[in-house]
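Undergrad:
Number of protein chains: 2
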Amino acid sequence: MTTMKIEDEIKQTAFKTEYHKAYINMLYTSNWLVQEQSNLFKPFGVTLPQYNVLRILRGQHPKPATVSLLIERMLDKTSNASRIVDKLEVKGLVTRKQCPNDRRTVDVLITDKGLALLKQMDDLDGGSKTGIRNLTEQETAELNRLLDKIRD
Amino acid sequence: MTTMKIEDEIKQTAFKTEYHKAYINMLYTSNWLVQEQSNLFKPFGVTLPQYNVLRILRGQHPKPATVSLLIERMLDKTSNASRIVDKLEVKGLVTRKQCPNDRRTVDVLITDKGLALLKQMDDLDGGSKTGIRNLTEQETAELNRLLDKIRD
DNA sequence: TGCAAATATATGTACATACATTTAATGTAC
DNA sequence: GTACATTAAATGTATGTACATATATTTGCA
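Protein chains in written order, with numbering that gives the first Met the number 0: chain F, 0 to 151; chain G, 0 to 151.
1. Exposed or buried, what is Thr28(F) when buried is set at 16 or more other beta-carbons lying within 10 Å of its beta-carbon?
2. In the DSSP output, which residue or residues are listed as bridge partners for Ile109(F)?
3. My understanding is that Tyr18(G) touches Ile149(F), with C-beta atoms under 8 Å, so please give their C-beta distance in whole angstroms.
4. What is the C-beta distance between Lys4(G) and Asp147(F), in whole angstroms, given that I count them as a contact (C-beta under 8 Å)?
5. So Leu145(F) contacts chain G; which residues on that side make the cut at Cβ distance below 8 Å?
6. Roughly how many whole angstroms lie between the Cα atoms of Trp31(G) and Asn100(G)?
7. Hey, is the segment 50–62 of chain F in contact with the segment 44–57 of chain G, meaning 3+ C-beta pairs nearer than 8 Å?
8. Does the structure place the segment 102–116 of chain F close enough to the segment 131–143 of chain F that three or more beta carbon pairs sit under 8 Å?
9. Candidates Leu74(G), Asp122(G), Ala80(G): which alpha carbon is nearest Met25(F)'s?
10. Are the Cβ atoms of Ala80(F) and Leu69(F) separated by less than 7 Å?
11. Is the closest heavy atom of the ligand GDP to the C-beta of Gly91(G) under 6 Å?
12. For Val33(F), go through chain G and note every residue whose CB falls closer than 8 Å to its CB, in chain order.
13. To the nearest whole angstrom, what separates the beta carbons of Arg155(F) and Leu114(F), a pair I think is in contact under 8 Å?
14. Spatial neighbours of Thr65(G) within its chain, please: C-beta separation below 8 Å, excluding the five flanking residues on both sides.
15. With 16 as the cutoff for other CB atoms within 10 Å, does Gln36(F) come out buried or exposed?
16. Given a threshold of 16 other Cβ atoms within 10 Å of its Cβ, counted over all protein chains shown, does Lys96(G) qualify as buried or as exposed?
17. Could you give the distance in angstroms between the alpha-carbon of Lys169(F) and the alpha-carbon of Ile23(G)?
18. So is Pro63(G) buried or exposed if we call it buried at 16+ other beta carbons inside 10 Å?
19. Given a limit of 8 Å on CB to CB distance, which residues of the segment 43–68 of chain F reach chain G?
20. Helix, strand or coil, according to DSSP, for Ala64(F) in the structure here?
21. Cβ of Ile109(F) within 7 Å of Cβ of Val93(F)?
22. Is Ile149(F) close to chain G? Criterion is C-beta to C-beta, closer than 7 Å.
23. When DSSP labels each residue in this structure, what does Thr139(G) get in the three-state scheme?
Right under this line is the structure:
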């Protein structure tokens with residue numbers, strides 16, 4: 000993928016301010032990263048949100064997780080964890096059963112098939128093929144600082 | 000909105016590397032910005048993608064734009080411009096008519112109602128209520144540099 | 001005890017994304 | 001000038017997001 004400065008990518012002549020440019024640049028780069036990762040994941044038949052839920056479940060394994068816990072850990076708090084778990088259940092990557100202690104809650108558990116799939120995918124995520132590259136460690140730390148500061 | 004470091008926000012203990020943390024931080028902050036702007040726009044009855052299309056159309060006005068041009072300028076190239084224009088047409092914010100020269104293409108034109116709506120919204124976007132704040136001009140320029148470098 | 005409030009999850013609806021396919025119109029090669 | 005490829009836009013389908021509402025269960029308190 001040949002990459003250009005953000006002005007060229009969206010064929011816009013100029014931005015009003017450096018702030019406005021950074022805003023567009025943030026959304027654009029975030030989309031870019033998501034799409035890149037999603038392409039890598041396609042052969043494995045799981046979407047990015049589904050992958051993220053599987054990761055959380057592996058973190059809990061062999062303990063189950065409730066849907067509430069999934070929501071709490073998900074990047075996008077308002078997304079619909081129930082329906083993402085639906086898709087994973089159909090694929091046999093997780094199981095879901097009512098918790099005996101509190102029958103309102105549901106125990107979601109990653110299956111062996113799910114664990115095996117994640118193992119296959121491990122080298123993709125965080126590997127050199129995806130994510131933040133091209134930056135030095137110091138630049139990456141600075142990026143983290145700037146992002147945290149934006150949300151202050 | 001009280002904001003915390005990214006580790007606390009998604010209740011994760013630690014990240015493997017600074018790069019991994021920056022990746023999550025990018026997606027999280029981008030979502031955060033989008034949601035913030037979308038909340039501001041809600042009272043006006045247009046979504047963020049719809050707003051962005053209206054902005055492009057105003058940039059062309061009084062000339063019309065084709066759907067291809069919209070796609071070219073949109074942040075998310077793979078999104079479905081036709082259907083976003085559908086929604087805007089229903090709301091009377093744009094008109095759509097077949098172009099006489101090339102009957103494959105469609106001239107999309109922002110209406111007076113659309114222009115008036117944008118005028119109302121102008122102070123929100125790029126104003127102090129949304130977008131990149133808290134950063135100095137220099138920090139913002141550095142952020143732009145880092146983002147461009149990621150996509151290199 | 002009994003009943004209202006709170007909690008956990010699921011469901012409904014509108015919108016958008018991602019991507020494949022379709023339809024119509026234009027361009028091009030022969 | 002007909003046949004085939006190309007282009008522009010729309011449509012179909014699966015997924016996800018955002019938000020409101022529904023349903024079941026538990027908790028807490030009068």
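C-beta atoms are modelled at their ideal positions from N, C-alpha and C, and glycine is treated no differently.
TA: Working from what's here:
1. The residue is buried, with at least 16 neighbouring Cβ atoms inside 10 Å.
2. In DSSP, Ile109(F) forms a bridge with Val93(F).
3. The pair is not a contact, with the Cβ atoms about 19 Å apart (cut-off 8 Å).
4. So it is a contact: roughly 6 Å between Cβ atoms.
5. Near Leu145(F) (Cβ distances below 8 Å), the residues of chain G are Leu134, Glu138, Glu141, Leu142, Leu145.
6. Their backbone Cα atoms lie some 44 Å apart in a straight line.
7. Judged by Cβ distances under 8 Å, the segment 50–62 of chain F makes no contact with the segment 44–57 of chain G, as fewer than three pairs qualify.
8. Judged by Cβ distances under 8 Å, the segment 131–143 of chain F makes no contact with the segment 102–116 of chain F, as fewer than three pairs qualify.
9. It is Leu74(G) whose Cα lies nearest to the Cα of Met25(F).
10. Against a cut-off of 7 Å, the Cβ pair of Leu69(F) and Ala80(F) comes out as a contact.
11. Ligands in the displayed structure: none, and consequently the ligand GDP is not present.
12. Those are Leu26, listed as they occur along chain G.
13. Nothing about residue 155(F) can be read from this structure; chain F reaches only from 0 to 151.
14. The beta carbon of Thr65(G) is closer than 8 Å to those of Cys98, Thr104, Val105, Asp106, Val107 in its chain, skipping five residues each way along the sequence.
15. Burial of Gln36(F) is indicated by the presence of at least 16 other C-beta atoms within 10 angstroms of its C-beta.
16. Counting every other CB atom within 10 Å of its CB across the protein chains shown gives Lys96(G) a total below 16, marking it as exposed.
17. An answer regarding residue 169(F) cannot be provided, because it is not within the stretch 0 to 151 covered by chain F.
18. Buried, since its Cβ has 16 or more Cβ neighbours within 10 Å.
19. Taking a C-beta cut-off of 8 Å against chain G, none of the residues of the segment 43–68 of chain F qualify.
20. Three-state DSSP puts Ala64(F) in a strand.
21. Yes.
22. Taking 7 Å as the threshold, the shortest C-beta distance from Ile149(F) to chain G falls below it.
23. Correct three-state label for Thr139(G): helix.
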